[in-house]
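Just below is one structure, and these are the notes that go with it.
There are 2 protein chains.
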Amino acid sequence: MGITKSEVFKKRQNHMATLAKAFDHPARVAILEYLLTNRTCITNDLVNQLPLSQSTISQHLKELKQIGIIKGEVEGPKLNYCIDEKVWEEARDVFINFFAKYVPKNCC
Amino acid sequence: MGITKSEVFKKRQNHMATLAKAFDHPARVAILEYLLTNRTCITNDLVNQLPLSQSTISQHLKELKQIGIIKGEVEGPKLNYCIDEKVWEEARDVFINFFAKYVPKNCC
DNA sequence: AACCATTATCGTAATATTGCGTTATAACGA
DNA sequence: TCGTTATAACGCAATATTACGATAATGGTT
Numbered sequence: 237m238g239i240t241k242s243e244v245f246k247k248r249q250n251h252m253a254t255l256a257k258a259f260d261h262p263a264r265v266a267i268l269e270y271l272l273t274n275r276t277c278i279t280n281d282l283v284n285q286l287p288l289s290q291s292t293i294s295q296h297l298k299e300l301k302q303i304g305i306i307k308g309e310v311e312g313p314k315l316n317y318c319i320d321e322k323v324w325e326e327a328r329d330v331f332i333n334f335f336a337k338y339v340p341k342n343c344c
Numbered sequence: 237m238g239i240t241k242s243e244v245f246k247k248r249q250n251h252m253a254t255l256a257k258a259f260d261h262p263a264r265v266a267i268l269e270y271l272l273t274n275r276t277c278i279t280n281d282l283v284n285q286l287p288l289s290q291s292t293i294s295q296h297l298k299e300l301k302q303i304g305i306i307k308g309e310v311e312g313p314k315l316n317y318c319i320d321e322k323v324w325e326e327a328r329d330v331f332i333n334f335f336a337k338y339v340p341k342n343c344c
């Protein structure tokens, strides 16, 4: 149905799924990469960098902000986006922890 | 449009987005967690564990298999799923690398 | 062969996502 | 005040995803 039955899953599982959404679209990966290398970004810079319209980019930024992994600050007529350190590290820990759970074994 | 313009993004970005899809739904996180602790699984076990129908679970398994992060082996009338070590480690590297790109700074 | 258990596939419905054009909105400078 | 610029918000269309019941398909068992 396109509707995720999140209520039947554990909080941790929903949380990871939410965080993963920050990386599950190439445009969002590109935006995050831009933020990582440029430390800060203004939407208009992204419009010049990415082959997407301004409104589409704004929407991706909104989603990233909802997830919490980025935050924006008004700077005159512009908006200064940057990575939210706390959430970033939280996401990093969640993923690294998850990946660490795997212990190779010749099972199949 | 619901259609992702993947052709305009870099391979790396699309690759990460694809891998992230393995984790962007709580049911898939739950399936992977089950595989992590049980090392192996038969679909029917999951049907008993998760509050989702058999067909829905089968679909999630199919997607995980398409991503490549799990693989399945026929075992009589059953199917034995397990984590694909190579892809798992590849995903781990991609994510860890990405997370490592962030250097905290008081920017905003 | 008939039957059972297990899993995949199909069809369908509901909802979500992606993308864009267009229209606000807000801040600055002339 | 009036443009100009930068962003957000709205609304639409197209496609994707999620979920399930029903139906196949597969392999083993009797």
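These protein sequence lines are chains A and B, in that order. In the working numbering, each number is its position in the first sequence, counted from 1, plus 236. In the working numbering, each number is its position in the second sequence, counted from 1, plus 236. Ideal placement from N, C-alpha and C gives every residue a C-beta, glycine not left out.
Contacts of residue i in chain A (Cβ-Cβ under 9 Å)
{"i": "L272(B)", "result": "F334, K337, Y338, V339"}
Close beta carbons around residue i, own chain, < 6 Å, minus the five adjacent residues each side
{"i": "S242(A)", "result": "N250"}
Beta-carbon neighbours of residue i, restricted to chain A and to distances below 7 Å
{"i": "K257(B)", "result": "D260"}
{"i": "I319(B)", "result": "Y338"}
{"i": "N250(B)", "result": "P262"}
Burial state of residue i, where buried means 16 or more other Cβ atoms lie within 10 Å
{"i": "P262(A)", "result": "buried"}
{"i": "A336(B)", "result": "exposed"}
{"i": "V310(B)", "result": "exposed"}
{"i": "I293(B)", "result": "buried"}
{"i": "V265(B)", "result": "buried"}
Contact check, residue i vs residue j, beta carbons under 8 Å
{"i": "C318(B)", "j": "L268(B)", "result": "no"}
{"i": "F331(A)", "j": "F245(B)", "result": "no"}
{"i": "M252(A)", "j": "F334(A)", "result": "yes"}
{"i": "N316(A)", "j": "T273(A)", "result": "no"}
8 Å CB neighbourhood of residue i in its chain, flanking five on each side removed
{"i": "D320(B)", "result": "G304, I305, I306, K307"}
{"i": "A327(A)", "result": "L255, A258, I305"}
Within chain B, partners of residue i - CB distance below 9 Å
{"i": "T240(A)", "result": "H261, P262, A263"}
Amino acids of chain B, ordered along the chain, whose beta-carbon sits closer than 8 Å to that of residue i
{"i": "P287(A)", "result": "K241, V244"}
- Message: I want to know whether the region 296 to 304 of chain B touches the region 257 to 267 of chain B - three or more CB-CB distances under 8 Å.
- Response: Verdict: yes, contact present.
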